[in-house]
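Residue numbers (the numbering used here): -1 to 105.
Note that CB positions come from ideal geometry on N, CA and C, so glycine has one too.
Just so you know, these numbers come straight off a predicted model, no measurement behind them.
Data block below; observations after.
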């Protein structure tokens, strides 16, 4: 799962920058924001703690091979749901401060 941080229309399609979500506890040098239990429940992610990693993001064309369908019966979309505005603002602020490593993904 990823959280979309920015979207830019350009030649060849829509380029997005996404931050990964992980259940692995963060290292001390990671710029992360913990996802609140209420948000995890809303997205159907279960009870395990998870973090949005703002210091290591990916950039790719949307839609593309990097997106996978949500594993729900009858749902082939890659969309889990919306993340609250306050949580997204925290991640974006940390993303800007962290000077993240951006990994461009091929088309």
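Taking DSSP's pairing of strands, which residues face residue i in a bridge?
| i | result |
| --- | --- |
| residue 7 | 12 |
| residue 2 | 16 |
| residue 31 | 50 |
Which value, in whole angstroms, describes the spacing of the CA atoms of residue i and residue j?
| i | j | result |
| --- | --- | --- |
| residue 16 | residue 45 | 23 Å |
| residue 2 | residue 80 | 10 Å |
| residue 38 | residue 85 | 12 Å |
| residue 92 | residue 56 | 15 Å |
Buried or exposed for residue i, going by 16 or more other Cβ atoms inside 10 Å?
| i | result |
| --- | --- |
| residue 6 | exposed |
| residue 33 | buried |
Of all the options the options, which has the alpha carbon lying nearest to the alpha carbon of residue i?
| i | options | result |
| --- | --- | --- |
| residue 94 | 60, 58, 51 and 83 | 51 |
| residue 8 | 83, 88, 60 and 91 | 60 |
| residue 29 | 83, 54, 35 and 21 | 54 |
Taking 9 Å as the threshold (C-beta atoms), are residue j and residue i in contact?
| i | j | result |
| --- | --- | --- |
| residue 58 | residue 19 | no |
| residue 47 | residue 26 | no |
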